[in-house]
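Residue numbering for the sequence shown follows the numbering used here, beginning at 3 and increasing consecutively. Even for Gly, the Cβ is constructed at its ideal location relative to N, Cα and C.
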Amino acid sequence: GESLLPLNLPLFERLGVAAEIQRIGMPKLGAEFVSPWHKQPVTFDFAHALDKSFPSAYQVRRSEFDEILFKNAVRKGARALEACRVTTVEFTPQGAAVAARLEDGAEQRWDTRFVVDASGRDTFLASKMGIKRRNRKHNSAAIYGHFTGAKRLPGKAEGNLTVFWFEHGWYWDIP
């Protein structure tokens with residue numbers, strides 16, 4: 003899942019996807035923080051933020067959220083290819099030349115004005131350019147799972163995320 007923030011909402015309006023995000027989203031009015039060093043959980047309600055004009059946000063299933071944004075970009079003229087793997091990126095004064103292997107094994111090349119590296123932790127560009135550096139003080143890992151039957155917070159807070167702190171880090175529960 004993905005836990006969105008209130009100030010994402012005006013961006014979704016501007017992109018023209020607000021209704022679609024609302025359709026797939028679970029309303030979230032805030033966040034709860036739990037730690038072994040405090041006597042009780044602390045809840046941050048978005049309605050009490052400095053900017054009170056956005057008192058809620060959403061929890062969304064990441065795959066559905068990404069699909070909405072992807073299809074919206076295509077509707078607005080972006081050329082998008084799926085099921086292909088970028089093999090090289092060469093930067094030019096005009097932008098970049100990108101080569102990729104398509105699903106059928108064919109190689110294709112494009113000249114682009116912009117390149118967005120959306121490879122996540124694979125960090126395609128940083129790895130290819132030799133600029134990827136590990137931060138030894140922040141050598142993190144992520145583990146995730148999907149659960150059914152998990153207990154939610156009661157009442158209006160049922161859509162809130164909960165962040166749990168512990169000695170060696172933190173984790174969160176996103177309904």
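Rounded to whole angstroms, the separation of the alpha carbons of residue 48 and residue 6 is 12 angstroms.
Counting other Cβ atoms within 10 Å of its Cβ, residue 118 stays below 16 and is therefore classed as exposed.
Residue 61 sits in a strand when the DSSP states are folded into three classes. In the structure shown, residue 115 falls within a coil segment according to DSSP collapsed to helix, strand and coil. Look at the region 28-94 and you find these whole runs of beta strand (DSSP E), each 3 residues long or longer: 28-30, 32-36, 44-47, 59-62 and 87-94. Counted as a single uninterrupted DSSP element, the alpha helix (DSSP H) harbouring residue 13 occupies residues 11-17. With a contact defined as Cβ atoms closer than 8 angstroms, residue 107 and residue 62 miss out at about 35 angstroms. Per DSSP, residue 168 is one residue of the beta strand (DSSP E) stretching across 163-168. Between residue 30 and residue 161, the gap from beta carbon to beta carbon is short of 8 angstroms.
In chain order, 6, 7, 8 and 30 place their CB closer than 6 angstroms to the CB of residue 59, counting only its own chain and leaving out the 5 sequence neighbours on each side. With fewer than 16 other Cβ atoms from the protein chains shown falling within 10 Å of its own Cβ, residue 72 counts as exposed. According to the DSSP assignment, residue 102 belongs to the beta strand (DSSP E) that extends over 97-103.
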